[in-house]
Amino acid sequence: MTLRLAQDPTLADFGRDPWWLVLGKIVFAFAFGLLATLLGVWFERRVVGYMQVRPGPNQVGPFGLLQTLADGLKMAFKEDILPKAADKVVYFFAPTISVICAVTALSVVPFGPMVSIAGHHTPLQVTDVPVAVLLLLACSSMGVYGIVLGGWASGSTYPLLGGLRSSAQMISYEVAMGLSIVAVFMTAGTMSTSGIVAKQAHGTQLSIGGFDLPAPGWYAILLLPSFIIFFIATVGETNRAPFDLPEAESELVAGFMTEYSSLKFALFMLSEYVAMVTMSAVTTTLFLGGWRAPWPITLWEGANSGWWPMLWFFGKVIALVFVFVWLRGTLPRLRYDQFMRFGWKVLLPINLVWILVLSGLRSIEDWDSRSKLIAVGIPAGVLLIATLFWPNRRPQPKPTTQEQVDNRPYGSFPLPPMDLQVPPSPRITRVVAEREPANIVAGSDSREV
Amino acid sequence: MTTSTVLAAAGGVSGGEEVTFWILAPLALIGAIGMVAARNAVHSALWLVLTMLCLGVFYVLQAGPFIGMVQIIVYTGAIMMLFLFVLMLVGRDSTDSLIETLRGQRVAAIVLGLGFAGLVGGALYRALEGTTAVGLEQANAEGNMQGIARLLFTKYVFAFELTSALLITAAVGAMVLAHIERRKQDKVDQPSTMKARFAPGNYPGPKPGPGVFATSSSVATPARLPDGRLTERSTPDILPVRELTAQETTLKGTDQ
């Protein structure tokens, strides 16, 4: 028990590091973001290539690993075009806002437990505050500014449309995202990321009829609806396919970044991939137990101490990034109205009902089992009866075509007879007969010309 | 309890807090002035965003991390974004004109504004001079968020619910005003459109184009049906009906 307490950082463990350690952690988080982009682009192209039965980038470096680096260098040397109609200051700052917000979010992501660095006992996390998850939400909501302002400042129509779409999209999906985090707050009782990871360490014991069933500790399993909605919302929030409407190339050229070139364009790309990795890391932290080892590895005593947890953390993040790529390779882009309807009319109501159910379950937690049974049974019974006796809305069988024709009022538009046989055109046989020798000649020659 | 809580609770102003304040306070002021002075509406909104961000950091600095973050998420992230959304739809070239409609209005506004700010600042300074802040320790005893939650859901629950009811009423009102009600039976689908088209009494073919059998090439001239009558269906409804002279209505002999 004492060992576990020593491993799990609490809020009191933060803010005690010397300045060089803080600087080192910040540089690490920043380098992680950059490196994740370099490898993430390569990973995405290779995986999508594999899914589409083609090799993907494989020329630069081993397995094409350096392809993104080469692309980035090339991009830096390209001409930086400033459109004449652009609002120069805003146009310049928009990509930097995007990148800053995406990278800042990494500062409250716990990469691992307490470790010892040069004699200092310190958590593997830049910092943690009591409102760390709200900080993540704030970063993602500020990140929208980069896209919206980039779209507006470009001074042309497609970027503006992309920016407007993006702002509406992100505000809508942030609501769904915030509501699914509410379930996590309710279960964990804290908003600090390290606290949420610590709460997922041990599952609760469910006792049903004398048997003690160990319930899993991951919130992905305990709060499955929240997890699914949260992940869908992160896809919407990071502008990834199938929700990449702000940069839909079939309608908006490249959306908000149509007018951007050179390093500014590279910054937008960077922020998109950093945001994807950050969101995966946040999902891991909130729902997949953070840096804690998954089940079979936990049989080993030292799985959750020292530097090993970083490996599990990266494994989970890569798995989630793979899901992002998988979604892109599988699903076609949604239409804008479908997308909005999905967010407001499907995700939001489901989330609200789920939070209601969860808070109901939590408020009857310490009742005795009989009143618990009554409290759960009566609403469940009412729901069951309501579904059973819900008025059937199956439509009446449609009248046959003949009936419809017979029921037409007097003076209707004349119809041709239903059993009309159109005689075959005498020309058809002649054409086929003329063509036949040509077909035979083409068939005998097996070589393609 | 975070470091900032400890610092703020200690009564005095710590070094870090002072440095942050003296960096952010001028920025917040610049943002406020820029918001008023900027001629472009979007620039104005962006200056306001800067001020709001500084205010959010001030809240965090004064041991209120929850309200600071909510300030950033709700005001900067959602409300200002909606403002920007509307401003961008208005168009980027719509800048304020600098012509004063009331002579001397700007000078008067500046003088009065400075005077008001001086009065409020002076009054606050005189009232709070020598006062030490107490009670932060107790308020944040079980954590900032837990303290706010306890107050919101116990002591102020009625006021809180009333405010939310007011907000929901406003939102529903806005939706009722902006929403065009379309009943289900009013929605016309393709089969019923076709049924109405081929119903007895309705001519299913396309409307005759203006001037097809007419004596003039104007779109306002009604077309002539094959039997020689004029048809009103061929002219757009918004065009005034043109009175044709007898000469125009007589056939020109080209149909023989």
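Residue numbers (the working numbering), protein chains in the order written: chain A, 20 to 468; chain B, 2 to 257. Where a beta carbon is used, it is the ideal one built from N, C-alpha and C, also for glycine.
Can you tell me whether residue i is helix, strand or coil according to DSSP?
{"i": "residue 273 of chain A", "result": "coil"}
{"i": "residue 135 of chain A", "result": "strand"}
{"i": "residue 79 of chain B", "result": "helix"}
{"i": "residue 242 of chain A", "result": "coil"}
{"i": "residue 225 of chain B", "result": "strand"}
{"i": "residue 44 of chain B", "result": "helix"}
{"i": "residue 250 of chain A", "result": "helix"}
{"i": "residue 31 of chain A", "result": "helix"}
{"i": "residue 209 of chain A", "result": "coil"}
{"i": "residue 27 of chain B", "result": "helix"}
{"i": "residue 143 of chain A", "result": "strand"}
{"i": "residue 84 of chain A", "result": "coil"}
{"i": "residue 350 of chain A", "result": "coil"}
{"i": "residue 156 of chain A", "result": "helix"}
{"i": "residue 231 of chain B", "result": "strand"}
{"i": "residue 90 of chain A", "result": "helix"}
{"i": "residue 178 of chain A", "result": "helix"}
{"i": "residue 173 of chain B", "result": "helix"}
{"i": "residue 140 of chain B", "result": "helix"}
{"i": "residue 63 of chain B", "result": "coil"}
{"i": "residue 306 of chain A", "result": "helix"}
{"i": "residue 236 of chain A", "result": "coil"}
{"i": "residue 208 of chain B", "result": "coil"}
{"i": "residue 132 of chain B", "result": "coil"}
{"i": "residue 320 of chain A", "result": "helix"}
{"i": "residue 69 of chain A", "result": "helix"}
{"i": "residue 164 of chain B", "result": "helix"}
Closest to residue i by C-alpha separation, out of the options, would be which residue?
{"i": "residue 74 of chain B", "options": "A/398, A/155, A/76", "result": "A/155"}
{"i": "residue 82 of chain A", "options": "A/99, A/95, A/62, A/371", "result": "A/62"}
{"i": "residue 299 of chain A", "options": "A/201, A/52, A/44", "result": "A/52"}
{"i": "residue 379 of chain A", "options": "A/398, A/120, A/42", "result": "A/398"}
{"i": "residue 203 of chain A", "options": "A/303, A/445, A/361", "result": "A/303"}
{"i": "residue 438 of chain A", "options": "A/421, A/359, A/243", "result": "A/421"}
{"i": "residue 430 of chain A", "options": "B/245, B/200, B/26", "result": "B/200"}
{"i": "residue 195 of chain B", "options": "A/443, A/442, A/311, A/432", "result": "A/432"}
{"i": "residue 173 of chain A", "options": "A/120, A/280, A/68, A/239", "result": "A/280"}
{"i": "residue 111 of chain A", "options": "A/99, A/245, A/381, A/264", "result": "A/99"}
{"i": "residue 245 of chain B", "options": "B/238, B/36, B/225, B/107", "result": "B/225"}
{"i": "residue 266 of chain A", "options": "A/249, A/248, A/184, A/153", "result": "A/184"}
{"i": "residue 221 of chain B", "options": "B/237, B/206, B/46", "result": "B/237"}
{"i": "residue 193 of chain A", "options": "A/29, A/153, A/56", "result": "A/153"}
{"i": "residue 169 of chain A", "options": "A/195, A/220, A/105", "result": "A/105"}
{"i": "residue 239 of chain A", "options": "A/368, A/79, A/293, A/313", "result": "A/313"}
By Cβ distance below 8 Å, which residues in the same chain neighbour residue i in space, the five residues on each side in sequence not counted?
{"i": "residue 209 of chain A", "result": "149, 215, 218"}
{"i": "residue 149 of chain B", "result": "67, 68"}
{"i": "residue 20 of chain B", "result": "none"}
Using a Cβ-Cβ cut-off of 7 Å (strictly less than) and excluding sequence neighbours within five positions of residue i, which residues of its own chain qualify?
{"i": "residue 121 of chain B", "result": "none"}
{"i": "residue 261 of chain A", "result": "346, 350, 351, 352, 353"}
{"i": "residue 84 of chain A", "result": "61"}
Please report the Cβ distance between residue i and residue j, rounded to the nearest whole angstrom; I am assuming they are in contact, meaning their Cβ atoms lie under 8 Å.
{"i": "residue 235 of chain B", "j": "residue 227 of chain B", "result": "Not quite, the Cβ-Cβ distance comes to about 13 Å (not below 8 Å), so this is no contact."}
{"i": "residue 198 of chain A", "j": "residue 330 of chain A", "result": "33 Å between Cβ atoms; not a contact."}
{"i": "residue 245 of chain A", "j": "residue 151 of chain A", "result": "In fact, because the Cβ distance is near 18 Å, the residues do not count as touching under 8 Å."}
{"i": "residue 59 of chain A", "j": "residue 365 of chain A", "result": "With a Cβ gap of about 29 Å, residue 59 of chain A and residue 365 of chain A do not count as contacting."}
{"i": "residue 306 of chain A", "j": "residue 249 of chain A", "result": "7 Å"}
{"i": "residue 206 of chain A", "j": "residue 241 of chain A", "result": "7 Å"}
{"i": "residue 141 of chain B", "j": "residue 64 of chain B", "result": "6 Å"}
{"i": "residue 48 of chain A", "j": "residue 145 of chain A", "result": "5 Å"}
What does a CB cutoff of less than 6 Å around residue i pick up in its chain, not counting 5 residues either side in sequence?
{"i": "residue 114 of chain A", "result": "283, 286, 287"}
{"i": "residue 290 of chain A", "result": "117, 118, 121"}
{"i": "residue 27 of chain A", "result": "217"}
{"i": "residue 84 of chain B", "result": "46"}
{"i": "residue 355 of chain A", "result": "264"}
Item to complete: Could you tell me whether the region 116–126 of chain A touches the region 38–50 of chain B, where touching means 3 or more Cβ pairs closer than 8 Å?
Response: no
Discussion item. Whether or not the region 321–330 of chain A and the region 132–144 of chain A are in contact is what I'm after, with contact meaning three or more pairs of Cβ atoms, one per stretch, closer than 8 Å; do they touch?
Written reply: yes
Discussion item. With three or more C-beta pairs closer than 8 Å as the rule, is the region 178–188 of chain A touching the region 259–271 of chain A?
Written reply: Contact between the region 259–271 of chain A and the region 178–188 of chain A is present, with at least three C-beta pairs closer than 8 Å.
Discussion item. Quick test of the definition: if touching needs 3 or more C-beta pairs under 8 Å, does the region 32–52 of chain A touch the region 139–148 of chain A?
Written reply: yes
Discussion item. I want to know whether the region 326–341 of chain A touches the region 283–302 of chain A - three or more CB-CB distances under 8 Å.
Written reply: yes
Worksheet item: Do the region 285–295 of chain A and the region 155–173 of chain A make contact, defined as three or more Cβ pairs closer than 8 Å?
Response: Yes: the two stretches touch, three or more of their Cβ pairs being nearer than 8 Å.
Discussion item. Three Cβ pairs or more, each shorter than 8 Å: is that satisfied between the region 25–33 of chain B and the region 45–56 of chain B?
Written reply: Enough Cβ pairs lie closer than 8 Å, so yes.
Discussion item. I want to know whether the region 250–266 of chain A touches the region 181–197 of chain A - three or more CB-CB distances under 8 Å.
Written reply: Pairwise C-beta distances place the region 250–266 of chain A in contact with the region 181–197 of chain A, as three or more of them are shorter than 8 Å.
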